[in-house]
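**Student:** Please find one structure pasted underneath; my questions will follow.
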Amino acid sequence: MKRGIYIHLLFTIFVLQACSKYQKLLKSNDNNAKYEGAVKYYEKKDYQRAFPLLEELMPLYRGVEKGELIYYYYCNANYFLNDFYVAAYHYKKFYQTYPTSKYAEECLYMAAYCNYIISPPYSLDQESTVKAIEEFQVFTAAFPNSTRIDTCNQLLDELENKIETKHMEYAKLYYKTENYKAAIVSFQNFLKDFPVSAYKEEALFLSFKSWYFLTKNSVPEKKTERIKETIEAYYNFVDAFPNSKKIKEAESLYKNLTLEKQKTEQKKI
């Protein structure tokens with residue numbers, strides 16, 4: 001019991017001494033000591049202590065050799081302290097300030113990666129997602145032979161899928177709430193913006209169904225033209241996906257549509 005208390009007391013004294021030493025370093029006017037301390041804390045992964053020192057040293061060493069390493073460590077300290085917004089900004093700034101640095105490629109990649117981390121679920125605002133896509137595209141253009149290219153492409157696919165999902169869900173919401181005019185416009189815009197999307201089959205099918213229900217509920221003077229549009233939407237779907245699991249449902253709706261077309265034409269006679 002006494003031994004445990006003794007060890008705890010020694011540990012407390014050690015911590016207090018370390019804190020006192022760190023506080024003296026923060027208040028010191030010796031920039032060389034602060035630089036050495038910042039590097040020591042950083043290399044020990046004590047980013048919480050390294051950060052204030054690095055932040056203070058940055059403007060003092062700007063334009064000199066040590067300034068590059070200080071800024072690089074500062075960027076990483078922000079990242080490891082989970083301040084991804086600030087880290088993204090400074091990684092990009094580092095690349096712009098030191099474009100020929102051995103850290104330039106890494107920092108440009110990390111600027112994009114921080115925005116990737118920040119990117120929220122598709123249901124929320126996608127500003128960070130768009131920013132991450134743009135930054136990854138900048139990176140792949142700047143470093144086309146980088147070993148990080150495969151990872152970039154994987155993350156780009158994930159981010160672009162998130163954007164596609166958001167647009168698709170908006171269109172589906174119009175469909176589910178029976179706002180078929182808005183659904184048609186949304187699906188058309190989706191297919192135009194994302195022509196090779198994994199959601200293309202569903203978008204074409206629901207576009208056809210939106211036309212079908214809009215036509216079905218149309219007043220007589222609009223029905224003839226809308227039947228033509230619905231037939232076109234049907235063929236757009238079946239031609240693109242002849243083996244779709246939704247083919248039977250589409251054919252059934254198309255059969256009903258042809259009967260509706262015949263009735264409409266007979267009324268005109």
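When the letters of the sequence shown are read in order and numbered with this note's numbering, they come out as residues 1 to 269. Backbone N, C-alpha and C fix where the C-beta goes; we use that ideal spot for every residue, glycine too.
In the stretch 184–263, which residue ranges form an unbroken alpha helix (DSSP H) of at least 4 residues, counting only runs that do not cross its ends?
**Tutor:** Listed in chain order, they are 200–216 and 220–240.
**Student:** Is it true that the stretch 140–151 meets the stretch 181–200, where meeting means three or more beta-carbon pairs spaced less than 8 Å apart?
**Tutor:** The stretch 140–151 is not in contact with the stretch 181–200.
**Student:** Out of Ala111, Met168 and Gln23, which one is the CA nearest neighbour of Asp193?
**Tutor:** Of the candidates Ala111, Met168 and Gln23, the one whose C-alpha sits nearest the C-alpha of Asp193 is Met168.
**Student:** Tell me which residue opens and which closes the alpha helix (DSSP H) that Val130 is part of.
**Tutor:** Taken as a continuous stretch (DSSP letters only), the alpha helix (DSSP H) holding Val130 covers Glu127 to Ala142.
**Student:** Using a 10 Å radius around the Cβ and a threshold of 16 neighbouring Cβ atoms, would you call Lys27 buried or exposed?
**Tutor:** Result: exposed.
**Student:** With DSSP collapsed to three states, give me the class of Val15.
**Tutor:** Summary for Val15: the model assigns pLDDT 46, below 50, so the residue's position carries little reliability; its value from the coordinates is reported in the next sentence. Looking at Val15 - three-state DSSP - the assignment turns out to be helix.
**Student:** Here's the rule I'm using: 16 or more other beta-carbon atoms within 10 Å means buried, otherwise exposed. How should Ala50 be labelled?
**Tutor:** Ala50 should be labelled buried.
**Student:** Under 7 Å Cβ to Cβ from Gly37, same chain only, skipping five residues before and after it: list those, please.
**Tutor:** Contacts found: Leu25 and Leu53.
**Student:** Tyr103: buried (16+ other C-beta within 10 angstroms of its C-beta) or exposed?
**Tutor:** It counts as buried.
**Student:** Alpha carbon to alpha carbon, how far is Ser252 from Thr215? Give it in angstroms, no decimals.
**Tutor:** The alpha-carbon atoms of Thr215 and Ser252 are separated by roughly 15 Å.
**Student:** How do the stretch 214–233 and the stretch 195–202 stand: do at least 3 beta-carbon pairs fall below 8 Å, yes or no?
**Tutor:** Verdict: no, contact absent.
**Student:** Hey, how far is the Cα of Ala18 from the Cα of Glu55?
**Tutor:** Unreliable positioning characterises Ala18 in this predicted model, as indicated by a pLDDT of 49, which lies under 50. A coordinate reading is not provided.
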